[in-house]
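First up is the structure itself, then whatever we jot down about it.
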């Protein structure tokens with residue numbers, strides 16, 4: 010089990026890299042995360058949803074994702090409430106005030122999912138959540154040491170050295186653990202190191218001496234690793250990303266509202282070397298972009314209110330006046346319609362006025378729709394596509410636009426419920442050519458790029474970490 014000194018230290022990608030390394034070696038391996046808190050989700054072919062990171066880890070193993078790989082998914086809707094997904098299905102709301110009490114009864118279901126996986130595969134790589142050393146969260150824990158102790162799984166503890174203070178974080182985390190939890194920690198490692206590794210040797214000796222634990226090494230900072238992240242949209246919130254080439258580049262921006270969800274939809278554009286991309290929160294920075302994307306949202310009404318309060322409506326109107334295009338995906342599509350009706354109070358108020366640019370209304374349904382979708386597109390041309398839907402909202406759709414739902418008469422605004430719609434290169438190029446009159450030479454499917462980057466990550470782990478513990482365990486000698 011890979012646990013971290015904090016959120017965002019790289020646990021998800023380290024697990025993906027270890028899974029890829031083992032799978033390439035012929036090991037029947039699967040990923041597992043007891044509890045995930047994220048609005049980045051993926052639809053499983055067998056039904057239900059799990060965290061996007063676990064779907065990527067399954068891909069690294071050469072597997073289809075299943076709900077047993079992430080039995081508890083917590084999807085934040087506001088500062089104090091979240092939607093609770095158990096075994097892929099909505100179980101209700103989780104209130105922050107009762108977080109500890111309400112999650113503890115889920116441990117038997119978590120363990121049952123783990124045991125089902127263990128019965129199918131030879132090896133499981135488990136990912137923790139956040140940090141195991143939070144004294145206020147240890148009671149009733151199902152995500153870190155609570156789970157590790159229940160199934161007696163050894164733990165590797167990782168810190169992000171790029172943040173600074175990694176050795177203090179590792180030492181402090183180990184010392185903060187209860188003796189029974191500390192006994193499960195098998196090894197330590199640092200992630201995202203920039204520089205000469207020999208400079209770390211003295212610190213490794215010091216840390217091993219203070220903790221009595223081996224230090225497996227330092228994983229280098231991989232600057233251009235474009236694999237989907239959960240906790241943040243890469244480092245792209247700070248400005249533009251993607252080394253645009255060609256004349257002229259396509260300038261694309263995404264609005265990152267507080268409850269933005271499934272932002273990996275935009276990854277294929279970010280990966281295109283002829284695209285300049287930026288995540289925006291300030292509407293004053295919108296000028297000059299060819300395309301603006303309103304991504305999915307876990308709280309559409311709240312994020313729409315945020316847009317209005319931040320001055321985004323005037324910025325969007327100006328963007329459209331100057332010929333810019335606007336794409337709404339799932340929650341973004343709903344925002345572009347006339348109104349959002351929520352008679353059951355699933356996501357927000359009974360009625361919310363939309364931006365009114367697309368001729369559609371949305372009604373929020375009690376039953377959540379979660380499904381992979383694929384087929385041959387009706388628009389803009391008959392090209393194969395793949396994607397998935399995760400939504401409570403239901404809106405009318407124009408079948409002539411399939412897999413898109415609606416478009417304005419002037420063609421400037423377009424909307425769809427399908428996530429991952431741009432992942433297939435042929436369909437992405439068809440949409441960009443027809444809708445934006447822009448041609449790209451970038452013809453790589455997302456899964457091709459993911460596989461290449463996962464192999465690169467696996468090679469890096471193999472070359473920079475001492476993995477004898479893993480090798481011995483896989484061979485059955487540990």
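In our numbering, the protein residues as written are 10 to 487.
Beta carbons are placed, not taken as given, at the ideal position from N, Cα and C, and that holds for glycine.
Top-ranked residue by Cα proximity to residue i, from the options
| i | options | result |
| --- | --- | --- |
| residue 168 | 443, 12, 368 | 12 |
| residue 417 | 35, 67, 399, 329 | 329 |
| residue 428 | 281, 396, 471 | 396 |
| residue 20 | 155, 85, 112, 138 | 138 |
| residue 189 | 153, 172, 210, 211 | 153 |
| residue 45 | 140, 212, 125 | 140 |
| residue 36 | 315, 132, 51, 467 | 132 |
| residue 181 | 280, 460, 15, 466 | 15 |
| residue 297 | 450, 257, 231 | 257 |
| residue 206 | 177, 217, 187, 170 | 170 |
| residue 466 | 229, 364, 266 | 229 |
| residue 419 | 280, 366, 160 | 366 |
Beta-carbon contacts of residue i that lie in its chain and below 8 angstroms, excluding the five residues immediately before and after
| i | result |
| --- | --- |
| residue 355 | 373, 374, 375, 401 |
| residue 408 | 387 |
| residue 236 | 22, 25, 65, 459, 462, 463, 466 |
Residue i, DSSP secondary structure in three states
| i | result |
| --- | --- |
| residue 436 | helix |
| residue 200 | strand |
| residue 208 | helix |
| residue 388 | coil |
| residue 366 | coil |
| residue 19 | coil |
| residue 111 | helix |
| residue 300 | strand |
| residue 306 | strand |
| residue 194 | strand |
| residue 45 | strand |
| residue 403 | strand |
| residue 263 | strand |
| residue 220 | helix |
| residue 166 | strand |
| residue 443 | helix |
| residue 235 | coil |
| residue 161 | coil |
C-alpha distance - residue i paired with residue j, whole-angstrom precision
| i | j | result |
| --- | --- | --- |
| residue 362 | residue 440 | 29 angstroms |
| residue 136 | residue 425 | 33 angstroms |
| residue 292 | residue 109 | 38 angstroms |
| residue 463 | residue 259 | 27 angstroms |
| residue 337 | residue 344 | 8 angstroms |
| residue 198 | residue 478 | 13 angstroms |
| residue 196 | residue 31 | 18 angstroms |
| residue 435 | residue 283 | 16 angstroms |
| residue 87 | residue 270 | 13 angstroms |
| residue 484 | residue 119 | 27 angstroms |
| residue 177 | residue 63 | 29 angstroms |
| residue 247 | residue 288 | The predicted model places residue 247 with a pLDDT of 39, which falls under 50 and marks its position as unreliable; any figure quoted below should be read in that light. Near 8 angstroms, if we compare the C-alpha coordinates of residue 288 and residue 247. |
| residue 379 | residue 147 | 32 angstroms |
| residue 438 | residue 112 | 45 angstroms |
| residue 114 | residue 203 | 42 angstroms |
| residue 455 | residue 218 | 44 angstroms |
Contact set for residue i: own chain, Cβ-Cβ below 6 angstroms, skip 5 residues either direction
| i | result |
| --- | --- |
| residue 122 | 77, 80 |
| residue 371 | 343, 346, 349, 402, 404 |
| residue 244 | With a pLDDT of 41 at residue 244, under the threshold of 50, the modelled position of this residue cannot be trusted; read the value that follows with caution. Correct list: empty, nothing qualifies. |
| residue 307 | 48, 84, 86, 268, 270 |
| residue 214 | none |
According to DSSP, residues forming a beta bridge with residue i
| i | result |
| --- | --- |
| residue 290 | In the DSSP output, where bridge partners are listed per residue, residue 290 has none listed. |
| residue 396 | 382 |
| residue 101 | 93 |
| residue 132 | 38 |
| residue 85 | 91 |
| residue 229 | 202 |
| residue 428 | 397 |
| residue 349 | 361, 371 |
| residue 337 | 303, 424 |
| residue 322 | Paired residue(s): none; residue 322 is not in a bridge. |
Contacting residues, own chain, Cβ-Cβ under 7 angstroms from residue i (five flanking each side not counted)
| i | result |
| --- | --- |
| residue 317 | none |
| residue 191 | 183 |
| residue 410 | 387, 388, 416 |
| residue 319 | 292 |
7 angstroms Cβ cutoff, residue i in contact with chain C
| i | result |
| --- | --- |
| residue 385 | Absent here is chain C; the protein component of the structure consists of one chain. |
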